[in-house]
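If you're matching positions, the sequence shown starts at -3 in my numbering and goes up one per residue.
The block underneath contains the structure these notes are about, expressed in structure tokens.
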Amino acid sequence: MKKPSLCTLLLVCVLSASSLFAQKKDLANGNVKFYNHVWDVVLNEGRVNILDTAYAENAMLHTTPATMGKANCIAYYANYISGFSNRQFTVRESIAQGNKVVKYWQFKGKHTGSFFGIPATNKDVDVIGCTIATVVNGKITEEQDFMDNLEFFRQLGLMAR
């Protein structure tokens, strides 16, 4: 009598663990798809309005200084749209675990407008970087970008080589 009960209990545990793993994998895959779509629309199509529904109200960008709140985060990225024409944003690779998404990306564009108060230089940029984001309940709550800012400013002609 104990062997069938033990086998049944073991089977239930294995099936539950398998189901939980599948749910976490689906969540991670959904977050990657959502996150990559958002940045394709923002940077390649120039439509920052998607961020109205993509960001959580209390979103935070780990910038210097930190950018806090949905409206400020949207304004931050609007600088890329107004500052660069011929934008091409490519996600080279994305991975996710739970609510964390990491994307490895490349950004190209021509600096033809004001960018955080920097007048247009008409220089082309081509930079690569990485972003770590947190997505909770289908909303971006936190982001941190990593890229070689010195190289970026060199390409803009603002720093000597």
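Cβ coordinates follow ideal geometry from the N, Cα and C atoms, glycine included.
The continuous alpha helix (DSSP H) containing Asn68 extends over residues 66 to 79. For Ala55, the enclosing beta strand (DSSP E) starts and ends at 51 to 57. DSSP places Phe142 inside the beta strand (DSSP E), whose first and last residues are 135 to 143. Lys96: member of the beta strand (DSSP E) spanning 96 to 107, first to last residue. In the three-state DSSP reduction, Ser110 falls in the coil class, being neither helix nor strand.
Counting along the chain, Ile124 sits inside the beta strand (DSSP E) bounded by residues 120 to 132. For the pair Phe103 and Val123, the CB atoms are nearer than the 7 angstroms cut-off. A contact between stretches requires three or more CB pairs, one per stretch, nearer than 8 angstroms, and the region 138 to 149 meets this requirement with the region 49 to 61. Sequence-distant Cβ neighbours of Leu47 in its own chain, meaning closer than 6 angstroms and more than five residues away, are Ile70.
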